[in-house]
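*Asks:* Can you keep this structure in mind? I'll have questions shortly.
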Amino acid sequence: MGNCCTKNQYSDIQENLAAIVTEEWFIGNDYFDWASYHRNIEYENYTFFQKALYQGWKDINLNQNFLEGSSTTPQFNNSAYMQLCLDIRKGVPNYLIRNVISKLITFDNEIAKTEYYDYTNNLDPELNFSELPPSAEPLFGRKDLMNCFLTFQGATVCKTILYVIHKKSTDIEACLILPRVVQALLWFMKEHETYQIIQVLIAESRYRENCPKFTFHFPLTVIKHKRIVKNILRKVKEMLKDVEIADKKIEEVIKDIAFNMLIGYISPSFYPLILMNFLADGIGSVMKFTTAIVYLALKRCEELRDGNKTIPDWKSYARTQIAIFKILKKAFKINFGKPDATETSSVATDSDVFNYVPYFDGASAIMKTQEDIHNLCTLIPKLFLKHRMSLMYSITSNGLDSAKFMSSIINSDSPIIILVETKKNYAIGIFLDRTIENDMEMCSSECKLFSIRPEKVAYSHKEDEAIRIRANMKIGFSVLSQEGNIIFQICPGMITGISNESTAFNSKQLFKNSEFSIFNIEIYKVA
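Basically the working numbering = 1-based index in the sequence shown + 801.
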């Protein structure tokens, strides 16, 4: 349902773009109202956009195994995210969206179906889901729901899902964006699939809600909703500098744009684009799109600044006067990286699409300050910054055991960061973007060797310069230059004690050996 196309790629003979973009990807989906949707879009623009997206995705292999961890545990699949996120941000053609979502968020379909329908089949048969029950109104912030191109059956299913969430997630204080996400998902997914996806994102949001810089999906408290609006307003005023605007009125507009996922402010042709960015990058992506719309509108239209224009006026102006591609161009340059009193500083780079400091799971004895974490995060590849850093090994907790050290590196099922601190308080980091096996050498431009403290050293790993990594349970762990010269090495002798003889940083380019007696080592799993 929702995706009649079972192939990700087409042969040269089959490759007819006009046929692909007009393909009825919604066939079998009783929830999506194509007729109403078709009447509300400019079909030529829709077709052009789908053609462009097809060109961007035609060579991407979605048949590869993206799965990480258990195949039955509902989860956000970080492996798929890391490989697909840059393409997702540009948009996914409608005929592939169902497939891409199933890669990003994985679960056992039969278990999900059984659990969901076991619950809904036991609901009070007198419940009427033509409207949301009054008890759910405070949670979702509205008495009714705009149809959003759902059939009557789709709207009823949407309200059923929201009711089940309301009953089963009693800790949620408020979640204004949730109805819009459910509606958009029902364009492509089945009822139990939509519910399971939402449950995964809610669970993810619970442990990430207080993590820095809006990497979570759902704000689950009133305070978090207010903080989102305040941050968007602050960013708009920062971008407009000395322009006077009516803060309270603009806050209402911001709230309407962000928590309705831009519905009404852009052509419906692009609603799936917003959905996929949200699924990949969380509420922060919606904040960036919202900021871009408000900034562009206020910059161009003085009448909107005094707050006298109503929300329908804003919708009309944004939809008719601001091109989606200008919104995208502006949004991807926006960074919510300015620290405040309650949140950790994020990485401050203008070119990065998302600049979040990852969550460190386990107190680091090496990363002693926010400046240290900032330095680390400016040096590892940016697409890994969304994920949790989990401590796997440290001298403090594991002792001087080279076998445990090497086993933490070899055959790791995710990227890792190795942090090394010396008795001189220097800190070195090594980032490995892929699995390395015993007695193996690999070469990758994504693997990095860098200094965290001090920032400036004689040796600096150049951008896109490949380095060689060698790992062996008996010989140890080494980083080599492309020419084969050892830059950095940790030898198995470390188990006998820390000394210049048992451990070595063998690079004259880097530091002198006498300064590099190891004091501590930590290994973090990036997942």
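Even glycine gets a Cβ: it sits at the ideal position worked out from N, Cα and C.
Count the other CB atoms, across all protein chains shown, that sit within 10 Å of the CB of Pro-1216; report buried if there are 16 or more and exposed otherwise.
*Replies:* The residue in question, Pro-1216, is buried, as its Cβ has 16 or more Cβ neighbours within 10 Å.
*Asks:* Of all the options His-1018, Ala-956, Gln-884, which has the alpha carbon lying nearest to the alpha carbon of Glu-992?
*Replies:* Per the Cα distances, Ala-956.
*Asks:* Pop quiz: Ala-1119 and Tyr-1072 are said to be a contact at Cβ under 8 Å. What is the actual Cβ separation, rounded to whole angstroms?
*Replies:* Not quite, the Cβ-Cβ distance comes to about 14 Å (not below 8 Å), so this is no contact.
*Asks:* Express the C-alpha separation of Phe-1206 and Lys-1225 in angstroms, rounding to a whole number.
*Replies:* So the alpha carbons of these two residues sit roughly 22 Å apart.
*Asks:* What does the Cβ neighbour count give for Phe-1155, buried or exposed, with the cut at 16 atoms within 10 Å?
*Replies:* Reliability fails at Phe-1155, whose pLDDT of 31 lies under 50, so the model's placement of it is uncertain and the value that follows must be treated cautiously. Under this definition Phe-1155 is a buried residue.
*Asks:* Would the beta-carbon of Trp-858 fall within 8 Å of that of Leu-897?
*Replies:* Yes, the Cβ-Cβ distance between Trp-858 and Leu-897 is below 8 Å.
*Asks:* Among Lys-1049, Ile-1128, Phe-1017, Lys-1036, which residue has its Cα nearest to the Cα of Gly-1083?
*Replies:* Nearest option by C-alpha distance: Phe-1017.
*Asks:* Based on Cα-Cα distance, which residue from Asn-879, Asn-900, Asp-1107 lies nearest to Glu-994?
*Replies:* For Glu-994, the nearest C-alpha among the options comes from Asn-900.
*Asks:* Hey, out of Lys-1169, Gln-954, Leu-1233, Met-1088, whose CA is closest to Glu-1222's CA?
*Replies:* Closest option to Glu-1222, Cα to Cα, is Lys-1169.
*Asks:* How big is the Cα-Cα spacing for Val-1258 and Gly-1230?
*Replies:* Confidence at Val-1258 is low in this model, with a pLDDT of 49, below 50, so its placement is unreliable and no value can be given for it.
*Asks:* Considering only DSSP beta bridges, list what Leu-1220 is partnered with.
*Replies:* Answer by DSSP bridge pairing, in chain order: Gly-1230, Glu-1323.
*Asks:* Grab me the residues of Asp-1107's own chain with a C-beta within less than 6 Å of its C-beta, minus the 5 sequence neighbours each way, in chain order.
*Replies:* The answer, listed in chain order, is Ala-1047.
*Asks:* Find the nearest neighbour of Glu-1045 within the set Glu-1104, Lys-1326, Ala-1059, Phe-989, judged by alpha-carbon distance.
*Replies:* Minimum Cα distance to Glu-1045 is reached at Glu-1104.
*Asks:* Can the beta-carbon of Ile-999 be found closer than 8 Å to that of Val-983?
*Replies:* Against a cut-off of 8 Å, the Cβ pair of Val-983 and Ile-999 comes out as a contact.
*Asks:* Could you spell out the range, first to last residue, of the alpha helix (DSSP H) harbouring Ser-903?
*Replies:* Here the alpha helix (DSSP H) through Ser-903 covers 895 to 905.
*Asks:* Would you please state the rounded distance, in angstroms, between the beta carbons of Ile-1324 and Ser-1209? I believe it to be under 8 Å.
*Replies:* Their Cβ separation, rounded to whole angstroms, is 5 Å, which keeps Ile-1324 and Ser-1209 in contact under 8 Å.
*Asks:* Do three or more CB pairs link the segment 905 to 915 to the segment 877 to 886 at distances below 8 Å?
*Replies:* Output reads yes: the segment 877 to 886 touches the segment 905 to 915.
*Asks:* Nearest-angstrom Cα distance between Phe-1060 and Gly-1085?
*Replies:* Each residue's alpha carbon lies about 12 Å from the other.
*Asks:* Could you pull the DSSP bridge partners for Thr-876 from this structure?
*Replies:* Checking the displayed sequence, the identity of residue 876 turns out to be Gln instead of Thr. Answer is Thr-907, bridged to Gln-876.
*Asks:* Leaving out five residues on either side along the sequence, give the residues of the same chain with a beta carbon under 7 Å from the beta carbon of Lys-1131.
*Replies:* For Lys-1131, where only same-chain residues beyond five positions count, the Cβ hits under 7 Å are Ala-1093, Tyr-1096, Leu-1097.
*Asks:* Answer yes or no: do Tyr-996 and Val-965 have a C-beta to C-beta separation smaller than 8 Å?
*Replies:* For Tyr-996 and Val-965, yes; Cβs fall inside 8 Å.
*Asks:* For Ser-1006, I'd like the list of residues in its chain whose CB is within less than 7 Å of its CB, leaving aside the five on either flank, ordered along the chain.
*Replies:* These residues qualify, in order along the chain: Phe-1017, His-1018, Phe-1019, Leu-1021.
*Asks:* Straight-line CA distance for Val-1158 to Lys-1326?
*Replies:* With a pLDDT of only 47 at Val-1158, under the threshold of 50, the placement of this residue in the model should not be trusted; the figure read from the coordinates follows. Cα-Cα distance, rounded: 15 Å.
*Asks:* Name the DSSP beta bridge partners of Met-883, please?
*Replies:* Looking at the DSSP assignment, Met-883 forms no beta bridge with any residue, so it has no partner.
*Asks:* For the candidate residues Gln-1290, Arg-1269, Met-1274, whose alpha-carbon lies nearest to that of Ser-1282?
*Replies:* Considering only alpha carbons, the answer is Arg-1269.
*Asks:* What do you reckon, are the CB atoms on Ile-1125 and Asp-1057 nearer than 8 Å?
*Replies:* Contact: no.
*Asks:* Would you say Lys-1249 lies against chain D (beta-carbon separation less than 8 Å)?
*Replies:* Looking at the structure shown, chain D is missing, and only one protein chain is on hand.
*Asks:* By Cβ distance below 8 Å, which residues in the same chain neighbour Val-1001 in space, the five residues on each side in sequence not counted?
*Replies:* So the list reads Pro-875, Gln-876, Phe-877, Ile-906, Phe-908, once near-sequence residues are dropped.
*Asks:* Assuming Val-893 and Leu-863 are in contact, meaning their beta carbons sit under 8 Å apart, how far apart are those beta carbons, in whole angstroms?
*Replies:* No, Val-893 and Leu-863 are not in contact; Cβ-Cβ is about 10 Å, not under 8 Å.
*Asks:* Which same chain residues, not among the five before or five after Phe-827, have their C-beta less than 6 Å away from its C-beta?
*Replies:* Cβ neighbours of Phe-827 beyond the five flanking positions: Phe-833, Trp-835.
*Asks:* From Leu-1034 to Leu-1041, what does the alpha carbon distance come to, in whole angstroms?
*Replies:* Between Leu-1034 and Leu-1041, the C-alpha separation is close to 11 Å.
*Asks:* Have a look at Ala-1166 and Ile-1218 and give me their C-alpha separation to the nearest angstrom.
*Replies:* Those two C-alpha atoms are separated by around 14 Å.
*Asks:* Quick check: the Cα distance between Trp-1115 and Glu-1053, rounded to an integer number of angstroms?
*Replies:* Cα-Cα distance, rounded: 11 Å.
*Asks:* Do you know how far the Cα of Phe-1137 is from the Cα of Asn-1387?
*Replies:* Given a span of 802 to 1328 for the chain in the structure shown, any question on residue 1387 remains unanswerable.
*Asks:* In chain order, what residues of the same chain lie with their CB nearer than 8 Å to the CB of Ile-1029, ignoring the 5 residues before and after it?
*Replies:* Correct list, in chain order: Phe-1015, Pro-1020, Ala-1059, Ile-1084, Met-1088.
*Asks:* Between Thr-873, Leu-1192, Arg-890, Ile-889, which has its C-alpha nearest Ile-912's C-alpha?
*Replies:* Minimum Cα distance to Ile-912 is reached at Thr-873.
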